[in-house]
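J.: To start, I am sharing the structure in question, which I have written as structure tokens.
Residue numbers (our numbering), protein chains in the order written: chain A, 2 to 306; chain B, 56 to 234.
So this is what it looks like as structure tokens:
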């Protein structure tokens, strides 16, 4: 593995190995000294061209727990605002000697371009509405740690799927790992083309609630135009919000997940978000471990070059 | 490959090591046995069972994966990590590291670093089934099953029933298959 740009194309065994490694890193993070020297002397550059709090902090924490050094770049107040091209920015950073780049960009495909320009290992931390592979793997890990398996579990992804790179990556990661995925959204919030996706699609959340092991909620992405395709927020809540009543209609061991940031009272009711069967904070904890596993897979062994 | 220890000899060596641990740690009351993955783990369990049968004392057994602490991490492929689990507080304990073969000493160096991140034992000792020499670091074992002079061109193969289906130690040329 040279890069981690997408979960598509990976074999089930490869993804399972990544989850096994992440399980070990969850243990490391719970030790009295939650730090190992595995990546001592390696430098990791984070390039977040789009705002991010949790993903960037999670990668920072993962790199530090592996004893790697960090170079952080964000475009605010940088030469990007002076008109520098992405390629020049990236090559300038490369000249400072990082061993790997973690890239988030609003443009689909940007991390692939960065990998091509630099020849460095690149982790995609989210590109446009396209892919967010470490999010999908942390979600898979969270489900596996809760249920002990992914095979045969029924995961419903609810909400703004059209604008969601999280949904896209989860569909392929979870189905490769053996789960059944259903997309639940009004037609206007489904991807224009989802032919060939290994999913079932429905517009009716209430009809499938009872059969779900995992309800995976997405935020309406106003910044990508997600609000414009639905008449009003109250109407969205009435049909797709995980209200207390809908939560009670779930199986007693079904769980609720959300990649964050969540809008309480919109896609998820307040009491549901704080319920013991809401795994939202476990997702955050597992995110650090999964990112450690990916960094270790890319930088821990002998060089691929 | 010529066999240098039979199953009986492995068993006797481990029993002797168990006796030595009891003797040199004042009854093994504070001892924690820590098996280094892979074959150190069943060896640690067997030594614990022997101590139990001799003294009626159940010594805690932990497992240690040193994969994240290796100094040659970047010269080999990424390997799957195994569980590191120490069932008791290491602070103040007598930690006895257990491994199958002591060779360059680099695994033990990594294990000492790993242990330091898990607690501060009062002392750390080292028990190995085979010491084949060729140390690259100032590390020596406290309990040895068999001293086995080897050349650098040779390889030592340890097989244990729990993992390999049978017990024994073999020595042969590099590249030759074990047993």
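Every residue gets a Cβ at the ideal spot worked out from N, C-alpha and C, and that includes glycine.
(1) If I measure Cβ to Cβ from residue 101 of chain B and keep anything under 7 Å in the same chain, skipping five residues before and after, which residues do I get?
(2) Rounded to the nearest angstrom, what separates residue 232 of chain B and residue 222 of chain B at their Cα positions?
(3) Measuring only the C-alpha atoms, how far is residue 306 of chain A from residue 15 of chain A?
(4) To the nearest angstrom, report how far apart residue 297 of chain A and residue 125 of chain A are at their CA atoms.
(5) Beta-carbon within less than 6 Å of residue 7 of chain A's beta-carbon, same chain only, minus the 5 sequence neighbours each way: which residues are those?
(6) So residue 201 of chain B is in the alpha helix (DSSP H); what residue range does that whole segment cover?
(7) Does any CB atom of chain A fall closer than 8 Å to the CB of residue 135 of chain B?
(8) Per the DSSP calculation, residue 217 of chain A is bridged to which residue(s)?
(9) Can you tell me the Cα-Cα spacing of residue 51 of chain A and residue 262 of chain A, whole angstroms?
(10) I'd like to know whether the C-beta atoms of residue 240 of chain B and residue 152 of chain B end up nearer to each other than 8 Å.
(11) Residue 193 of chain B CB to nearest chain A CB: under 8 Å?
(12) With residue 209 of chain B as the anchor, note down where its alpha helix (DSSP H) starts and where it stops.
(13) Which residues in the same chain have their Cβ closer than 6 Å to the Cβ of residue 180 of chain B, if we skip the five residues on either side of it in sequence?
(14) So that I know if they touch, is there some Cβ in chain A lying closer than 8 Å to that of residue 167 of chain B?
(15) Any chance you could list the beta strand (DSSP E) runs of at least 3 consecutive residues sitting entirely within the stretch 145-191 of chain A, in chain order?
(16) Got a sec, what are the start and stop residues for the beta strand (DSSP E) residue 58 of chain B sits in?
(17) Quick one, are the C-beta atoms of residue 178 of chain B and residue 224 of chain B less than 8 Å apart?
(18) Might you give, ordered along the chain, the residues of its own chain that have their beta carbon closer than 7 Å to the beta carbon of residue 199 of chain B, omitting 5 neighbours on each side?
(19) Just to confirm the assignment: which complete alpha helix (DSSP H) runs, minimum length 4, are found wholly within the stretch 74-153 of chain A?
(20) Taking 8 Å as the threshold (beta carbon to beta carbon), is residue 97 of chain B in contact with chain A?
(21) Can a CB atom of chain B be found closer than 8 Å to the CB of residue 16 of chain A?
(22) Taking Cβ-Cβ distances shorter than 7 Å, what residues in chain B pair up with residue 28 of chain A?
(23) Please check the pair residue 158 of chain A and residue 184 of chain A, which I expect to be a contact at CB under 8 Å, by giving their CB distance rounded to whole angstroms.
(24) If you follow the alpha helix (DSSP H) that residue 291 of chain A is in, where does it begin and where does it stop?
(25) What whole-angstrom Cβ distance do residue 61 of chain A and residue 47 of chain A have, given they're in contact under 8 Å?
(26) Is the shortest distance between the beta-carbon of residue 302 of chain A and the beta-carbons of chain B less than 8 Å?
(27) Strictly below 9 Å CB to CB, what residues from chain B border residue 25 of chain A?
(28) What does the alpha-carbon distance come out to for the pair residue 166 of chain A and residue 89 of chain B?
(29) Mind checking if residue 129 of chain B is an interface residue toward chain A, Cβ cutoff 8 Å exclusive?
(30) Identify every residue that forms a DSSP beta bridge with residue 118 of chain B.
(31) Let's test the definition: count the other Cβ atoms within 10 Å of the Cβ of residue 69 of chain A and tell me whether it reaches 16, buried, or not, exposed.
(32) If you follow the beta strand (DSSP E) that residue 227 of chain B is in, where does it begin and where does it stop?
(33) Answer with yes or no whether the minimum CB distance from residue 37 of chain A to chain B is below 8 Å.
(34) Using a Cβ-Cβ distance cut-off of 8 Å, determine whether residue 152 of chain B contacts chain A.
(35) Are the C-beta atoms of residue 173 of chain B and some chain A residue less than 8 Å apart?
(36) Does any residue of chain A bring its CB to less than 8 Å from the CB of residue 142 of chain B?
T.: In this structure, then:
(1) Here the question's residue 101 of chain B lines up with position 46 in the second chain. Excluding residues within five positions, the ones whose Cβ falls inside 7 Å are 69.
(2) If you number the second chain from 1, residue 232 of chain B lands on position 177. If you number the second chain from 1, residue 222 of chain B lands on position 167. Model confidence at residue 232 of chain B stands at a pLDDT of 49, short of 50, so the residue's coordinates are unreliable; what they give is reported in the following sentence. The alpha-carbon atoms of residue 232 of chain B and residue 222 of chain B are separated by roughly 16 Å.
(3) By one-based count along the first chain, residue 306 of chain A stands at place 305. By one-based count along the first chain, residue 15 of chain A stands at place 14. The predicted model places residue 306 of chain A with a pLDDT of 41, which falls under 50 and marks its position as unreliable; any figure quoted below should be read in that light. So the alpha carbons of these two residues sit roughly 20 Å apart.
(4) Locating residue 297 of chain A in the first chain gives position 296, where the first residue counts as 1. Locating residue 125 of chain A in the first chain gives position 124, where the first residue counts as 1. Residue 297 of chain A and residue 125 of chain A: Cα-Cα distance of roughly 15 Å.
(5) Translated into the one-based positions of the first chain, residue 7 of chain A becomes position 6. Answer for residue 7 of chain A: 132, 134, listed in chain order.
(6) Here residue 201 of chain B is taken as the residue at index 146 of the second chain, counted from 1. Per DSSP, residue 201 of chain B belongs to no alpha helix (DSSP H); it is in the beta strand (DSSP E), 198-202.
(7) Residue mapping note: residue 135 of chain B aligns to position 80 of the second chain, counting from 1. For residue 135 of chain B, the answer is yes, since a Cβ of chain A falls inside 8 Å of its Cβ.
(8) Here the question's residue 217 of chain A lines up with position 216 in the first chain. In the DSSP output, where bridge partners are listed per residue, residue 217 of chain A has A:158, A:258.
(9) By one-based count along the first chain, residue 51 of chain A stands at place 50. By one-based count along the first chain, residue 262 of chain A stands at place 261. Going from the Cα of residue 51 of chain A to the Cα of residue 262 of chain A covers about 15 Å.
(10) Past the edges of chain B, shown from 56 to 234, lies residue 240 of chain B, and the structure says nothing about it.
(11) Translated into the one-based positions of the second chain, residue 193 of chain B becomes position 138. Chain A, which has no Cβ nearer than 8 Å to the Cβ of residue 193 of chain B, makes this no.
(12) As a first step, residue 209 of chain B is located in the second chain; it is residue number 154 there, counting from the start. Where residue 209 of chain B is concerned, there is no enclosing alpha helix (DSSP H), although the beta strand (DSSP E) it sits in stretches over 209-214.
(13) As a first step, residue 180 of chain B must be located in the second chain, where it is residue number 125. 151, 197.
(14) Here residue 167 of chain B refers to the residue found at position 112 of the second chain. For residue 167 of chain B, the answer is no, since every Cβ of chain A falls outside 8 Å of its Cβ.
(15) 155-159, 181-185
(16) Numbered from its first residue, the second chain carries residue 58 of chain B at position 3. Its beta strand (DSSP E) spans residues 58-60.
(17) Counting from 1 along the second chain, the entry for residue 178 of chain B is found at position 123. Counting from 1 along the second chain, the entry for residue 224 of chain B is found at position 169. In this structure, residue 224 of chain B does not lie closer than 8 Å to residue 178 of chain B by Cβ.
(18) Sequence index remark: in the second chain, residue 199 of chain B carries index 144 (1-based). Here the set comprises 183, 186.
(19) 87-95, 111-119, 134-148
(20) Walking along the second chain from the start, residue 97 of chain B turns up at place 42. So, not an interface residue.
(21) Taking the first residue of the first chain as 1, we reach residue 16 of chain A at position 15. Cβ-Cβ to chain B under 8 Å: no for residue 16 of chain A.
(22) Residue numbering aside, residue 28 of chain A sits at position 27 when the first chain is read from its first letter. Here the neighbours are 139.
(23) Here residue 158 of chain A corresponds to residue number 157 of the first chain, with the count starting at 1. Here residue 184 of chain A corresponds to residue number 183 of the first chain, with the count starting at 1. Sure, about 5 Å apart at Cβ, within 8 Å.
(24) Here residue 291 of chain A is taken as the residue at index 290 of the first chain, counted from 1. Here the alpha helix (DSSP H) through residue 291 of chain A covers 281-300.
(25) By one-based count along the first chain, residue 61 of chain A stands at place 60. By one-based count along the first chain, residue 47 of chain A stands at place 46. Going by Cβ atoms, the distance from residue 61 of chain A to residue 47 of chain A rounds to 7 Å, so yes, they are a contact pair.
(26) For the purposes of this step, residue 302 of chain A is identified with residue 301 of the first chain, where counting begins at 1. Answer yes: the Cβ-Cβ gap between residue 302 of chain A and chain B drops below 8 Å somewhere.
(27) As a first step, residue 25 of chain A must be located in the first chain, where it is residue number 24. 120, 122, 123, 135, 136, 137, 138, 139, listed in chain order.
(28) Along the first chain, read from residue 1 onward, the residue named residue 166 of chain A stands at position 165. Along the second chain, read from residue 1 onward, the residue named residue 89 of chain B stands at position 34. Taking the straight line joining both Cα atoms gives about 45 Å.
(29) Locating residue 129 of chain B in the second chain gives position 74, counting from the first residue. Yes, residue 129 of chain B counts as interfacial toward chain A.
(30) Reading the second chain from its first residue, position 63 is the one you call residue 118 of chain B. The partner list for residue 118 of chain B (beta bridge, DSSP) reads B:90, B:140.
(31) Counting from one through the first chain, the residue named residue 69 of chain A turns up at place 68. So residue 69 of chain A ends up on the buried side.
(32) Here residue 227 of chain B refers to the residue found at position 172 of the second chain. Here the beta strand (DSSP E) through residue 227 of chain B covers 223-228.
(33) Locating residue 37 of chain A in the first chain gives position 36, where the first residue counts as 1. Answer yes: the Cβ-Cβ gap between residue 37 of chain A and chain B drops below 8 Å somewhere.
(34) Your numbering for residue 152 of chain B matches position 97 in the second chain. No, because no Cβ of chain A sits closer than 8 Å to the Cβ of residue 152 of chain B.
(35) Counting from 1 along the second chain, the entry for residue 173 of chain B is found at position 118. It does; some Cβ of chain A falls within 8 Å.
(36) Your numbering for residue 142 of chain B matches position 87 in the second chain. Not closer than 8 Å to any Cβ of chain A, the Cβ of residue 142 of chain B fails to qualify, so no.
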